[in-house]
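K.L.:
Pasting in a structure now, in structure tokens, and then I'll have a few things to ask.
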Amino acid sequence: MVLKMLGAAYGYFPTEYTVHIAGALIALLATHRIAQGRKTTRERDMHARVVVVTGGFTPLGLTLLESLAARGAHIIALTPLPVADPRVATYIDLLRSTTQNEEIYAEECDLSDPASVHAFAKRFVLGNTGGAPSTPAGAATAGPSAAGGPQRLDALVFAHEYAGVGALPLFASGSPTQRELEQRTRDTAALASFLLTTLLLPAMLTAPAERDLRIVHVVNRWYAAAGPRFFLDNLYSFGEQTTPTSPLLPEASRALRTALFTRHLQRILDALPAPSAVPDPSGAVPAQKKSNIVAVSVSPGLSRVETVGPLFGVGVGGGGNWLGALFYVLLYPLFLLLTKSAAASVQSVLHVLFVPTVGKLSKTPKTSADAKEEEDEALLPGALYAECAVVRTPAIAPPPPTTTTPPNSTSNAGKEKTTQTGVKQEEGDEVETDDERAGRLVWEAYEAGLRTWEAANPSAPAKAKADEGADTSS
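Residue numbers (UniProt numbering): 1 to 474.
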């Protein structure tokens with residue numbers, strides 16, 4: 001019966017267009033394959049390595065958890081929901097059974113509440129989180145919690161900032177209140193990453209020098225649109241940005257700011273003393289070593305669920321209406337062809353977790369030129385990765401500094417030089433480049449924004465203490 005149906009269908013097939021149809025199908029398949037981007041060719045044994053993941057219960061996060069769990073990683077996934085919630089507990093149990101990895105845990109941490117972030121960081125540093133992985137004195141691998149052993153942390157992955165926030169004007173409510181709420185959501189997500197980084201950084205700084213540690217910030221693909229408008233949109237301050245009707249520019253600003261913050265974080269890490277820097281008895285100053293902590297940002301590309309869907313008000317970070325859902329369904333075949341799935345999006349994130357650092361490159365000679373080139377690839381600290389490779393960030397124009405050397409100063413005549421930004425400095429002083437100044441301004445913006453955020457959301461003990469002080473003064 002089936003063969004008869006196929007034969008009847010073939011009778012209606014326009015055989016004179018066979019070449020054209022075959023060519024069109026091949027072109028569509030090739031376009032789809034190119035749109036999915038590169039796949040990482042690297043692999044790494046993640047057993048005994050502790051990875052903390054934010055946004056672990058988004059499409060990208062779930063795929064990342066599954067990939068890391070299959071390689072034996074000890075995973076701590078943060079969620080705003082209680083750990084006993086069926087949606088969390090069911091997935092954790094399913095992930096453990098399918099990957100045969102019992103070292104997978106969920107921890108409650110609401111990234112919209114600074115008190116919850118502080119509470120998780122305290123539990124983690126004290127070894128009261130799921131599995132309580134720590135490194136006993138003299139041991140090199142993770143194991144059960146041991147008294148006196150420092151908390152182990154090998155990788156910190158911020159995946160919660162990848163999902164888009166806000167829909168296009170045609171598919172959103174468009175009210176100023178809604179746009180202000182969306183901007184507040186963007187600011188809160190970025191400040192939560194900054195706060196969690198600073199709270200967990202001591203656990204990484206105390207790790208042995210031979211261990212390579214990673215801080216990975218996942219950003220959306222719109223970062224490329226923020227370069228020309230970087231200064232105009234006040235990226236150096238939180239809570240003061242304009243709220244345009246389209247979410248593309250705020251999303252681009254958020255992504256580019258995160259990339260600049262990551263690069264500046266790496267400068268700070270490299271400037272810190274190396275863990276193994278022991279003073280030379282002869283008095284010689286040891287050479288400055290690069291930090292064993294590598295901070296990078298990753299752009300997974302255009303995901304149809306987490307970056308394209310929210311523009312129509314559907315998927316993660318939606319908030320649109322029925323019209324947006326209708327357009328999304330009608331255009332879904334095009335999105336299926338040109339945008340990435342979660343499995344394709346996660347490849348760049350896995351790449352930066354698997355690529356060795358400079359100190360971990362294999363010394364074994366390779367016979368194949370391609371194998372040697374692949375083996376010599378090392379993770380570039382502070383870089384922005386996309387499609388499993390380093391990419392350049394857009395050109396930025398930070399505001400000019402407000403202080404300059406007085407022109408009538410004669411004490412250092414002939415010893416001044418002018419930088420590219422017009423700042424006069426004495427010879428021998430380090431010149432602050434545009435990129436360094438932009439990173440410093442972004443870091444200061446994070447610090448100021450964090451103070452404002454914590455003041456607006458005090459923890460229960462702090463609020464009670466403040467209220468008690470107010471009652472006493474009155």
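Ideal Cβ placement from N, Cα and C applies to all residues, glycine included.
How far does the alpha helix (DSSP H) with residue 22 in it extend, from its first residue to its last?
P.N.:
Element bounds for residue 22: 18-35.
K.L.:
Could you pull out every unbroken alpha helix (DSSP H) segment of at least 4 residues lying fully inside the UniProt domain "Ketoreductase (KR)" (51-122), listed in chain order?
P.N.:
You should have 59-70, 86-99.
K.L.:
Assuming the contact rule is C-beta atoms closer than 8 Å, residue 251 and residue 309 should be a hit. Round their C-beta distance to whole Å, please.
P.N.:
Contact flag wrong, Cβ pair sits at about 13 Å.
K.L.:
Which word fits residue 212, buried or exposed, when buried means at least 16 other C-beta atoms lie within 10 angstroms of its C-beta?
P.N.:
That one is buried.
K.L.:
How should residue 17 be labelled, buried or exposed, when 16 other C-beta atoms within 10 angstroms of its C-beta is the threshold for buried?
P.N.:
Classification of residue 17: exposed, given that the 10 Å Cβ count is below 16.
K.L.:
If you draw a straight line from the C-alpha of residue 454 to the C-alpha of residue 303, how long is it?
P.N.:
Straight-line Cα distance between these residues: approximately 32 Å.
K.L.:
Could you spell out where the beta strand (DSSP E) holding residue 352 opens and where it closes?
P.N.:
Taken as a continuous stretch (DSSP letters only), residue 352 belongs to no beta strand (DSSP E), being part of the alpha helix (DSSP H) at 347-354.
K.L.:
Are the CB atoms of residue 56 and residue 65 nearer to each other than 7 Å?
P.N.:
Closer than 7 Å, so yes.
K.L.:
Would you say residue 256 and residue 223 are within 7 Å of each other, going by their C-beta atoms?
P.N.:
In this structure, residue 223 lies closer than 7 Å to residue 256 by Cβ.
K.L.:
Give the range of the alpha helix (DSSP H) segment to which residue 442 is assigned.
P.N.:
Its alpha helix (DSSP H) spans residues 434-456.
K.L.:
Since residue 225 and residue 262 are thought to touch, with beta carbons under 8 Å apart, how far apart are those beta carbons, to the nearest angstrom?
P.N.:
Actually they are not in contact, since the Cβ atoms of residue 225 and residue 262 sit about 19 Å apart, beyond 8 Å.
K.L.:
Under DSSP, the alpha helix (DSSP H) around residue 189 begins and ends at which residues?
P.N.:
That run of the alpha helix (DSSP H) goes 176-205.
K.L.:
Please return the same chain residues whose Cβ sits closer than 8 Å to the Cβ of residue 349, not counting the five positions on each side in sequence.
P.N.:
Excluding residues within five positions, the ones whose Cβ falls inside 8 Å are 60, 64, 157, 159, 216, 218, 298, 300.
K.L.:
Take residue 448 and list the residues in its own chain whose beta-carbon comes closer than 8 Å to its own, dropping the five residues that flank it on each side.
P.N.:
Cβ within range, chain order: 237, 238.
K.L.:
Anyone know if the C-beta pair for residue 171 and residue 62 falls short of 7 Å?
P.N.:
Their beta carbons are not under 7 Å apart, which means residue 171 does not touch residue 62 by this criterion.
K.L.:
Identify, in the order they occur along the chain, each residue of the same chain with its Cβ nearer than 7 Å to the Cβ of residue 441, setting aside the five sequence neighbours on each side.
P.N.:
If we look at residue 441 and ignore the five residues flanking it on each side, its Cβ neighbours are 236, 398.
K.L.:
In chain order, what residues of the same chain have a beta carbon less than 7 Å from the beta carbon of residue 19, not counting five sequence neighbours either side?
P.N.:
Closer than 7 Å at the Cβ level, and outside the excluded window around residue 19, lies no residue.
K.L.:
Quick one: what does DSSP say residue 340 is sitting in, helix, strand or coil?
P.N.:
Reduced to three states, the DSSP call for residue 340 is strand.
K.L.:
Tell me residue 156's beta-bridge partners as DSSP assigns them.
P.N.:
Partner(s): 52, 215.
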